[in-house]
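Chain order of the listed sequences is A and B. At position 6 of the first sequence the residue is numbered 90 (this note's numbering), and the sequence of numbers has no breaks. At position 59 of the second sequence the residue is numbered 1535 (this note's numbering), and the sequence of numbers has no breaks. The beta-carbon is built from N, C-alpha and C at its ideal position, and this holds for glycine as well.
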Amino acid sequence: MNHSLNEHTLKAFDGDLITLRGLIAEIGGRAEKAVEGAMAALANNDHDLARQVVEGDKRIDALEEQIDRMVIQTIALRAPMADDLRELVAALKISGVVERIGDYAKNIAKRVLLIDADQQIDAARLLPAMADATRQLVDDAFTAFAKRDADLAVAVCAQDKTVDDFYNSIFRALIAHMIEYPEHVGAGTHLLFIAKNLERIGDHATNVAEMVYFAVMGQSMNERERGDDALAPGSD
Amino acid sequence: MLDNLASATTKPKMSARDVRVFYGPKEAIKGVSIDIDMDNVVAFIGPSGCGKSTFLRTLNRMNDTIPIARVEGDITLDGENIYSSSMDVVQLRARVGMVFQKPNPFPKSIYDNVAYGPRIHGLAPNKAELDQIVENSLVRAGLWNEVKDRLQDSGTALSGGQQQRLCIARAIAVDPEVILMDEPCSALDPIATAKIEELIHELRGRYAIVIVTHNMQQAARVSQKTAFFHLGTMVEYGDTSDIFTNPREERTRDYITGRYG
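Structure, rendered in structure tokens:
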């Protein structure tokens, strides 16, 4: 099926959808910025930036509410069908998922404020690379939404494995480090949670990608395209 | 398109194969094949002039009344060709009843409106049985409680929604197998519409039902199968839930999402 959609006879409906896509782009952009900001705050021990990220999450929450209201209103007033209906349902689910991504970024920022910066923990040296891969995943998921790109959505789901692999490496390294240096357990645990938060953000990016796929293709992404969801260590 | 037709396990009540309708030289229906079974209400949707009503009318030979209309292809009822010379058209229209857009009760009493068909078809040997048929039909049409104390009042004195249910009762009275409805709610208010839709739900299974509607929400509400017609062809026929969430054809998608034209 061709996805270059014509305009609706009722132009106001197109106006609603354009507004909604703008809101999704904004909430996605803010969530990505929050992840980036939280990790920059961690790298530079920048408490001001960390507080900005915590504060900025309120805007993400407000956007989620705005999107939900708009989706419900559009369903009620426009009685959407087919592609339109799927896009609206996807938008509703995506807004909830992005709000969670924002919460994880906020949680990372809060931990930055608690970590004793004097403790250098070499075991966490992969965290910036993991953060980069995670941020890219979020970015790609929202690019896929903006472009109605089912292939990119599939790629996001496949790429999530990279983030999971980072998490597994960091998990083992940090546990080994904390066994060796029990005085680092406080900071080490914070870093471990930060890695876990990034891993969850990656999962949520794949949720966004799955919704994009559904909206575009009219069916769920199959198991093979999603890739194996390997159990992270410690989650059993 | 053949994969849309009923599987061998369920025998269709009515089948159309490569049906073409001509009004003079103009081909209004260009080769439509469809199966209609007892278990599913079938909705025909499509823009004005797409042929959905024309096709519906082929199913009980209503087009016979239009001199320039000509029908080709096969339409069967229980496997029997309804256009064969041995088919009694009056009998056919009793087996395949029709309800129209505007309620059209006879200018007779409520009782006589419903009793008319059974009388001319000789379905009731005596008054008591006729009374029973009238009552049963009005009960099934959801009208009995509203009219049981005034059966001798004129049918035309009822409200629009009641008149339409009276017409459904009249169609039911001759014990049809198929009921065709051509935009049965377009002249009714939302409450009367809801009553007709509820009635369609209740009649499902007892009769094969085909409904033509301009209201896509109505098609979504009352039918299990939907056929989309466009420019004399049947573009897509499938489960209503699929048609409205994930149509296969772009023309269907454009129409149901309001992008048509």
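Inset, instruction - Taking only beta carbons into account, state which residues of the segment 86-109 of chain A come closer than 8 Å to chain B, listed in chain order. - result: Taking a C-beta cut-off of 8 Å against chain B, the contacting residues of the segment 86-109 of chain A are N86, L89, N90, E91, H92, T93, L94, F97, listed in chain order.
Inset, instruction - Give a yes or no on whether 8 Å exceeds the smallest Cβ distance from R1729(B) to chain A. - result: Yes, its Cβ sits closer than 8 Å to a Cβ of chain A.
Inset, instruction - Please report the residue range of the beta strand (DSSP E) in which S1509(B) lies. - result: Bounds of the beta strand (DSSP E) holding S1509(B) are 1502-1512.
Inset, instruction - Confirm, please, whether the CB-CB distance from L1599(B) to I1748(B) is below 8 Å. - result: No information on residue 1748(B) is available, as it lies outside the stretch 1477 to 1737 that chain B covers here.
Inset, instruction - Tell me, please, whether the segment 176-186 of chain A touches the segment 291-308 of chain A by the rule of three or more beta-carbon pairs shorter than 8 Å. - result: Between the segment 176-186 of chain A and the segment 291-308 of chain A, the count of C-beta pairs closer than 8 Å reaches three or more; the two stretches touch.
Legend entry - L1642(B) to I156(A) span [Cα, whole Å]: In this structure, the CA atom of L1642(B) is about 38 Å from the CA atom of I156(A).
Legend entry - Same chain, Cβ closer than 6 Å to I1687(B), neighbours up to 5 away in sequence not counted: Spatial neighbours of I1687(B) in its own chain (CB-CB distance under 6 Å, excluding positions within 5 residues in sequence) are listed in chain order as A1519, M1657.
Legend entry - Close-in-space but distant-in-sequence residues of the same chain around R170(A) (CB under 7 Å, 5 per side omitted): Excluding positions up to five away in sequence, the list reads F298, A299, G302.
Inset, instruction - Please list the partners that P164(A) has in chain B, where partner means a Cβ-to-Cβ separation under 9 Å. - result: The contacting residues are T1733, G1734.
Legend entry - Proximity winner among D167(A), V138(A), E139(A), D233(A), relative to E91(A) (alpha-carbon distances): When C-alpha distances from E91(A) are compared across D167(A), V138(A), E139(A), D233(A), the shortest belongs to D167(A).
Inset, instruction - With DSSP collapsed to three states, give me the class of I1551(B). - result: I1551(B): strand per DSSP, three-state reduction.
Inset, instruction - Establish whether the CB of N1691(B) and some CB of chain A are separated by less than 8 Å. - result: By this cut-off, N1691(B) is not an interface position.
Legend entry - Cα-Cα separation between S238(A) and Y265(A), rounded to whole angstroms: Before going further, note that residue 238(A) is Val rather than Ser in the sequence given. About 41 Å.
Legend entry - Unbroken beta strand (DSSP E) run spanning F1704(B), endpoints: Residue range 1701-1706 is occupied by the beta strand (DSSP E) that includes F1704(B).
Legend entry - Short Cβ contact (8 Å threshold) for R105(A) with Y188(A): No.
Legend entry - Short CB-CB distance (under 8 Å) between T1721(B) and chain A: At least one chain A Cβ lies under 8 Å of T1721(B).
Legend entry - Interface flag, L169(A) vs chain B, CB-CB below 8 Å: Yes, L169(A) counts as interfacial toward chain B.
Legend entry - Min CB distance Q303(A) to chain B below 8 Å: So yes, Q303(A) belongs to the interface.
Inset, instruction - Find out if the Cβ-Cβ distance for the pair V1508(B), M1710(B) is shorter than 8 Å. - result: Result yes, Cβ atoms of V1508(B) and M1710(B) sit closer than 8 Å.
Inset, instruction - Give the straight-line distance between the Cα atoms of A1663(B) and L1634(B), rounded to the nearest whole angstrom. - result: Cα to Cα, the separation comes out at about 14 Å.
Legend entry - Beta bridge counterpart(s) of S1630(B) as assigned by DSSP: Note: S1630(B) sits in a beta bridge opposite S1585(B).
Inset, instruction - Would you mind reading off the limits of the beta strand (DSSP E) that contains F1520(B)? - result: Element bounds for F1520(B): 1518-1521.
Legend entry - Simplified DSSP assignment, three categories, for V1650(B): The answer is coil: DSSP assigns V1650(B) none of H, G, I, E or B.
Legend entry - Contacting residues, own chain, Cβ-Cβ under 8 Å from L1568(B) (five flanking each side not counted): Excluding sequence neighbours, L1568(B) sits near N1536, R1537, L1553, I1558.
Inset, instruction - Report yes if the C-beta distance between T1702(B) and I1719(B) is below 8 Å; otherwise report no. - result: The Cβ-Cβ distance between T1702(B) and I1719(B) falls below 8 Å.
Legend entry - Reference D249(A), options K231(A), M154(A), D287(A), L94(A), closest by Cα: Ranking K231(A), M154(A), D287(A), L94(A) by Cα distance to D249(A) puts D287(A) first.
Legend entry - Three-state class that DSSP yields for E1716(B) in the structure shown: The displayed chain sequence assigns Thr, not Glu, to residue 1716(B). Three-state DSSP puts T1716(B) in a helix.
Inset, instruction - Could you check which residue in A1504(B), L1627(B), D1730(B) has the C-alpha nearest to that of D1588(B)? - result: For D1588(B), the closest alpha carbon among the candidates A1504(B), L1627(B), D1730(B) is that of L1627(B).
Inset, instruction - Classify P1624(B) as buried or exposed, calling it buried when 16 or more other Cβ atoms lie within 10 Å of its own Cβ. - result: Reading off the sequence shown, one finds Lys at residue 1624(B), where the question assumed Pro. So K1624(B) counts as exposed.
Inset, instruction - List the endpoints of the continuous alpha helix (DSSP H) containing A1600(B). - result: For A1600(B), there is no enclosing alpha helix (DSSP H), as DSSP marks it with neither H nor E.
Inset, instruction - Would you check if the distance between the CB atom of N326(A) and the CB atom of I192(A) is smaller than 8 Å? - result: Limits of chain A in this structure are 85 at one end and 320 at the other, which puts residue 326(A) out of reach.
Inset, instruction - For the alpha helix (DSSP H) holding S1529(B), just list the boundary residues, first then last. - result: Element bounds for S1529(B): 1528-1534.
Inset, instruction - Determine which residues share a DSSP beta bridge with G1573(B) and list them. - result: According to DSSP, G1573(B) shares a beta bridge with I1655(B).
Legend entry - Enclosing alpha helix (DSSP H) for S1662(B) [first to last residue]: Looking at the DSSP string, S1662(B) is not in any alpha helix (DSSP H), and its letter there is neither H nor E.
Inset, instruction - Would you be able to state if there are at least three C-beta pairs under 8 Å between the segment 205-217 of chain A and the segment 144-152 of chain A? - result: The segment 144-152 of chain A is not in contact with the segment 205-217 of chain A.
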